[in-house]
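For the sequence shown, full-length UniProt numbering assigns the number 1 to the initial residue and increments by one for each residue that follows.
Where a beta carbon is used, it is the ideal one built from N, C-alpha and C, also for glycine.
The model shown is predicted, which means the values in this text are computed figures rather than measured ones.
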Amino acid sequence: MCMKMEKKQLRSMVKKRLSQMTDQEYQERSAQAAKKLFNHSAWKEANTVGITVSRQREVDTIHIIEQAWKQEKNTTVPRCMVEDNRLDFRLFTSFEQLEVVYMDLKEPSLLKTKAVSPHEVDLLIVPGLLFDKNGYRIGYGGGYYDRYLSTYTNKTIALAFECQIIDTLPREPFDLPVQEIITEEKIYKIKC
Numbered sequence: 001m002c003m004k005m006e007k008k009q010l011r012s013m014v015k016k017r018l019s020q021m022t023d024q025e026y027q028e029r030s031a032q033a034a035k036k037l038f039n040h041s042a043w044k045e046a047n048t049v050g051i052t053v054s055r056q057r058e059v060d061t062i063h064i065i066e067q068a069w070k071q072e073k074n075t076t077v078p079r080c081m082v083e084d085n086r087l088d089f090r091l092f093t094s095f096e097q098l099e100v101v102y103m104d105l106k107e108p109s110l111l112k113t114k115a116v117s118p119h120e121v122d123l124l125i126v127p128g129l130l131f132d133k134n135g136y137r138i139g140y141g142g143g144y145y146d147r148y149l150s151t152y153t154n155k156t157i158a159l160a161f162e163c164q165i166i167d168t169l170p171r172e173p174f175d176l177p178v179q180e181i182i183t184e185e186k187i188y189k190i191k192c
């Protein structure tokens, strides 16, 4: 089976797993993962955090973003720059500064937010559909995070539910692992 088909099947499998979670399970598990993140030294030390606005059954990041604002952290979210296939993280201070542009993602308005360079982001919360215990991930297939991670040098943590973790994922030469994965049950520290 070719890698593209295998990744497609894995995406389908994990979407099904996530859809079977009740709303209560989703909220409880999201809160448990967020609590682990808030107690993590990387979160405590970060002045600027890069994070996506969650959608569907991803770990809920709305409360995490609100907590970052309460703690007066600079909070950035990515904008998919489709014309040159890159992510542009932008500082935002209100959900009203977001708009739906690409793939139904809530992204920062170019007119209402300011770009932040990768070296300014102390902690990057990396999204994904599926992760393995070596820190590799399968996202939604656009390759935006793969390209961003190739030049990003600070701390990377993924948030996921335990049902999104498997032993090993197929990987390509350009795939880069995250440094840690936080789930509702535990923290996976990746050996580099």
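Reference residue i; option with closest CA among the options
i	options	result
Ala33	Ile190, Met13 and Glu180	Glu180
Phe89	Glu83, Lys133, Arg79 and Thr22	Arg79
Val116	Leu176, Asn47 and Gln71	Asn47
Asn95	Ile166, Ile62 and Pro118	At residue 95 the sequence reads Phe, which differs from the Asn that was named. Taking only the C-alpha atoms, the option nearest Phe95 is Ile62.
Glu185	Arg137, Glu28 and Ser150	Glu28
Gly50	Glu172, Lys189, Asn154 and Thr168	Asn154
residue 193	Phe161, Ile190, Ile157 and Pro173	The chain is shown only over 1 to 192; residue 193 falls outside these bounds and no answer can be derived.
Lys191	Glu25, Lys133 and Leu124	Lys133
Asp122	Glu162, Leu10, Glu45 and Lys35	Glu45
residue 199	Ser12, Gln9, Ser30 and Asp23	The displayed coordinates of the chain run from 1 to 192. Any statement about residue 199 would go beyond what the structure contains.
Asp167	Ser41, Tyr136, Gln24 and Gln67	Tyr136
Asn39	Ile64, Asn85 and Gln9	Ile64
Ile125	Leu10, Asp23, Gln20 and Asp60	Asp60
Arg55	Asp104, Gln20 and Arg11	Asp104
Three-state secondary structure assigned by DSSP to residue i
i	result
Val14	helix
Asp23	helix
Ala158	strand
Tyr136	coil
Tyr188	strand
Phe131	strand
Glu180	strand
Leu169	coil
Spatial neighbours of residue i in its chain, beta-carbon cut-off 8 Å, leaving aside the 5 residues before and after
i	result
Gln164	Val14, Arg17, Leu18, Gly128, Leu129, Leu130, Phe131 and Thr183
Trp69	Thr75 and Thr93
Gln97	Pro108, Ser109, Lys112 and Thr113
His119	Thr153 and Asn154
Leu87	Pro78, Arg79, Cys80, Met81, Tyr144, Tyr145, Arg147 and Tyr148
Cβ neighbour criterion (16 or more within 10 Å) applied to residue i
i	result
Val100	exposed
Pro177	buried
Gly141	exposed
Phe174	exposed
Thr22	exposed
Thr52	buried
Glu66	exposed
Glu172	exposed
Glu58	buried
Cβ shell of residue i (< 6 Å), same chain only, five flanking positions each side left out
i	result
Gly139	Gly128 and Tyr145
Leu149	Leu176
Distance cut-off 8 Å: residue i Cβ against heavy atoms of the ligand MG
i	result
Asp88	Ligands are entirely absent from the displayed structure, and the ligand MG is therefore not among its contents.
*Write down every uninterrupted run of the alpha helix (DSSP H) in the segment 49–114 whose length is 4 residues or greater and which is fully enclosed by it, in chain order.*
62–70
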